[in-house]
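See below for the structure under consideration.
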Amino acid sequence: MRLKLVPQETSFDFFNRWKLWLGISAIMVVVAFTSFLVQGLNYGIDFRGGTTIRTESAQPVEVAEYRAVLAELGLGDVIISEVFDPSFDENQHVAMVRIQAQDGAEAVTPETIAEVEAALRIAAPDIRFVSVESVGPKVSGELITTAILAVSLAIGAVLIYIWLRFEWQFALGAVAALVHDVVLTIGIFSELQIKFDLAIIAALLTIVGYSLNDTVVVFDRVRENLRKYKQKSLKDVLNLSINETLSRTVMTSVTTLLALISLFILGGDVIRGFVFAMIWGVIVGTYSSIFVASTILVYLGVKRDWSKPSNTGGNQYANIDA
Amino acid sequence: MLQFDLWKRVLIWLICAVGIWLALPNAFYTRVEAHNDAVAAIDKGGATGELDRQVAAWPSWMPSSLVNLGLDLRGGAHLLAEVQVADVYESRMQAMWPEIRDALRPERDTVGTIRLQPSDPQEIRIRIGTPEGMPRALEVVRGLARPIQTLTGVGSTDIEVRGEDDVIVVTLSEAEKLATDDRTVRQSLEIIRRRIDEVGTREPTIQRQGEDRILIQVPGIGSASELKEIIGTTAQLTFHPVVGRGSDGDANPGVGNKIVPALDEQGVFYTLEAAPVVTGEELVDAQPAFDQNGRPAVNFRFNTSGARKFGDYTAENIGSPFAIVLDDEVISAPVIQSHIPGGSGIITGNFTVEESTNLAVLLRAGALPAGLEFLEERTIGPELGQDSIDAGKVATIVAFVAVLTFMALSYGLFGLFANIALILNIALIFGLLSLMGATLTLPGIAGIVLTVGMAVDANVLVFERIREELKTSRGPARAIELGYEKALSAILDANITTFITAVILFVMGSGPVRGFAITLGLGILTSVFTAIFVTRLMIVMWFERRRPKTIEV
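If you're matching them up, the sequences are chains X and G in order.
All letters in the first sequence, in the order written, are residues 1 to 322 by full-length UniProt numbering.
All letters in the second sequence, in the order written, are residues 1 to 553 by full-length UniProt numbering.
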């Protein structure tokens, strides 16, 4: 007996309430955007400069005490947070100390770090400093620019690829889904105030890749079915294609999520934010390839006859059956 | 479609076998690492019993390349330094002054007195006594300009000379600045590399980034400050003519001179000519030694041009004091006893043996031509790296088992085929990583785990398609054939798009992010290969043996 998450034959009507789905997506995007504008992201030092120190000690972390000893140094904004992870030993207490970028210095000076370390030793004598990272404002500014450029480039490259292989309506649908996924991911990071650093940009780009993967598989089937069922309406063809690929969509999402969830639980706290972004991206990406990309395709309409070349859309690359 | 040529079969299995072969050393990481280190040590300093034993622990006919572990996994320090290229302009301009002075001296009758004016450090201003002699003065000074060879700056010279009333202003030309910047960064890179090599750590990464930056990553070092101390110690050795000696550090030294404190005498200051006679850049060798009284000292030797300058100066200035300056402190100011030809000498001072050894090392490694500003620095403790490796291992194994079980439950025998392909896939990734000498980072491990999840996608696409075709087609063979045929375009489109994002990540990203891009990109390549060749070959071989009338996918 086989494990089947989705019955062999399905005939869900995905466009029955397409206005509702598109509406929900639109509202979510607006909420994400507002949250981003109002709260802003909790940028890590990669993007705003400053220093983070990861400490470890046998005694429990007394955040207030740490703060008190550091306040005397006059380093400006200092954020102290305790880190919890199931993989820690019983007497392994970890804290992250974040210090804002200091005026007049690019990276933090060794003297400042020595002062901070000495101060923290008063609060917890056996404290160890397992990592110290410092990024100057010059580099962090460039990293932001590069990050934005990377995400835009990825979306642009994908737009061109799909446009070459399919038609512009497909490209537009796919890119709308991508932007939807990226915005929602940024939104949840701003809403939950999870640290947003360079690794999250990598996660964003992976989400772009994954979400696209899903969308392309559906579109590929749509293109095939459009040639096969010339009489059916576009909506029906789309519905049929999504139903036919549904089993695969769910299978792949589940295997990917299985892998990611094990990494989320067991992979340690250092990459937890990164893995969280990807898990969220897989869920949102699967949703958007059905309810955003395809719905937009229904709305835009496509050229139906794929057997003849056309002047309006498509081109010589579209008919390469790989 | 179910036909596979023999050569194709052989090639596919051969690729898999080579992949496993190359990946194998990583399964015995510590042993192979010890083997590699021991081989390197024997190469350098001869064999010992212990080293031989370590070498023997891993057979020499086996491959021994390993996946490098990134700093976030191994622990170590990372620095991004910006070379302050403008520093060099200043010393270049200072060095111009004696040259200009000597060139204008014979022209005193036309240009009058020549006097150095205070100015911005990036230019040099000289006032002449007779403004009418300006055209001649400019001509003479322009005569000192040297042509530079660059791709763009054909016919340009290294300095620009202009006259402002009775003042000659000399600056470096733009083309020369560009050429100088490039040289400065390259020199700094080389010097940093030599200094780090002197300390002898394993596999440091020292790379130029962009125009004027240098990335330094040293695994296994205690902290970034320690690394900074090694590379940032500027042993700038210079030899200056002494103008005077006094006890006031704030006295006005006069134009073209500077005041430098003495290293071992409190409250003693020397007034020196700012332009050095010779600099440490012209040193070719420095060795710890002892002077005639048996005190620790450093022997040094100049290259030919340095030796000539040093020889000429000592010949002309017998009887005058002469200062040896290290990092803006006068080590000693001996009186020149005789002409010193040959360009070698000895630095004495109140050194301990250790100090003289360090000084020799620093001098030999050369001075950094310009200051460094550190833009980014990271220290990762080894225990944090080990924790990350452990956590990553457990997570990868659990992810692996979960996906394998799920595939077997969903697709039965075909799921098992996909699982074998998945295991081969991971071996291929590690094989390729080792072959390329790529670096595995923590996000890189995440990339592998993600690949485990996504690699089955291509197989899932095919299997689902075969299921569909089974309903309509004539017989299992045709269904399998059609399944592969029709799923191919979706597989390629889906993977090419993901690959595009991996490439963009690789190009734009740095450090750990780049590590993620590498594993993601390789994972895509290997998973497409295993899905459309390896799994298919396994299915075909199974089908040939069994010839089933019906199949269940």
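We put the beta carbon where it would ideally sit given N, CA and C, even for glycine.
May I ask you to list, following chain order, the residues of the segment 375 to 399 of chain G that have a beta carbon less than 7 Å from some beta carbon of chain X?
-> Leu375, Glu376, Glu377, Arg378, Thr379, Ile380, Gly381, Glu383, Leu384, Asp387, Ser388, Ala391, Gly392, Val394, Ala395, Val398, Ala399
What's the C-alpha gap between Arg54 of chain X and Met96 of chain X?
-> 5 Å
Going by DSSP, which residues form a beta bridge with Phe14 of chain X?
-> Answer is none; Phe14 of chain X lacks a bridge partner.
What are the boundary residues of the beta strand (DSSP E) that includes Thr51 of chain X?
-> 50 to 57
Please decide whether Ser489 of chain G counts as near chain X, where near means a Cβ-Cβ distance under 7 Å.
-> yes
Starting from Ala297 of chain G, follow the beta strand (DSSP E) in both directions and report where the run begins and ends.
-> 296 to 302
Sequence-distant residues of its chain with Cβ nearer than 7 Å to Phe264 of chain X (five each side left out) = Arg272, Val275, Phe276, Ile279
Would you mind giving the Cβ-Cβ distance between Val132 of chain X and Thr379 of chain G, rounded to the nearest angstrom? I have them listed as a contact below 8 Å.
-> 4 Å
For Val553 of chain G, does the three-state DSSP call read helix, strand or coil?
-> coil
Considering only C-alpha positions, which residue in the set X:Pro86, X:Thr185, X:Asn213, X:Lys232 is nearest to Ala32 of chain X?
-> X:Thr185
Thr109 of chain X in three-state terms, based on DSSP | coil
What residues of chain X sit near Asp457 of chain G, judged by a beta carbon separation below 9 Å?
-> Asn213, Val217, Arg248, Met251, Thr252, Thr255, Thr256
Is it the case that the CB of His78 of chain G approaches a heavy atom of the ligand MN more closely than 6 Å?
-> For the structure depicted, the ligand MN is absent and the ligand set is empty, with no information on it obtainable.
Beta strand (DSSP E) containing Gly415 of chain G: first to last residue?
-> Per DSSP, Gly415 of chain G belongs to no beta strand (DSSP E); it is in the alpha helix (DSSP H), 382 to 436.
Using a Cβ-Cβ distance under 7 Å, would Gly453 of chain G count as near chain X?
-> yes
Can the beta-carbon of Asp212 of chain G be found less than 7 Å from the beta-carbon of Val185 of chain G?
-> yes
Beta-ladder partner(s) of Ile296 of chain X, from DSSP = Paired residue(s): none; Ile296 of chain X is not in a bridge.
Positions along the segment 187 to 204 of chain X whose CB lies within less than 8 Å of some CB in chain G | Leu198, Ala199, Ile201, Ala202
For Asp269 of chain X, which residues of its own chain have a beta-carbon under 7 Å away from its beta-carbon, when the five flanking residues on both sides are left out?
-> Val83, Asp85
Is the Cβ-Cβ distance between Asp126 of chain X and Ser81 of chain X less than 7 Å?
-> no
Under a CB-based cut-off of 7 Å, is Ala259 of chain X close to chain G?
-> yes
With DSSP as the reference, label Ala360 of chain G as helix, strand or coil.
-> helix
Other residues of its chain near Thr295 of chain X: CB distance less than 6 Å, five sequence neighbours each side excluded = Trp18, Leu22
C-beta neighbour in chain X for Glu464 of chain G, strict 7 Å = yes
Can you list, in chain order, the residues of the segment 112 to 127 of chain G whose Cβ is nearer than 8 Å to any Cβ on chain X?
-> none
Would Leu153 of chain X count as contacting chain G if we go by Cβ distances under 7 Å?
-> yes
Bridge partners - Lys195 of chain X, DSSP secondary structure assignment | X:Asn42
Provide the residue(s) that pair with His180 of chain X in DSSP beta bridges, ordered along the chain.
-> Paired residues: none, contrary to the question.
Three or more C-beta pairs closer than 8 Å, one from the segment 432 to 447 of chain G and one from the segment 510 to 521 of chain G: is that the case here?
-> yes
Identify the contact partners of Phe290 of chain G in chain X, using a Cβ-Cβ distance below 8 Å as the criterion.
-> The contacting residues do not exist; Phe290 of chain G stays about 34 Å from chain X at best.
Assuming Leu73 of chain X contacts Gln102 of chain X under a Cβ cut-off of 8 Å, what Cβ separation, rounded to an integer in Å, is found between them?
-> Actually they are not in contact, since the Cβ atoms of Leu73 of chain X and Gln102 of chain X sit about 11 Å apart, beyond 8 Å.
Assigned exposure category for Asn257 of chain G - 16 Cβ within 10 Å defines buried | buried
What span of residues does the beta strand (DSSP E) with Ser344 of chain G cover, start to end?
-> 344 to 348
Between Val167 of chain G and Gln122 of chain G, what straight-line distance do the alpha-carbon atoms span, to the nearest angstrom?
-> 16 Å
Taking 7 Å as the CB-CB limit, is Pro443 of chain G close to chain X?
-> yes
Could you give the DSSP three-state label for Ile221 of chain G: helix, strand or coil?
-> coil
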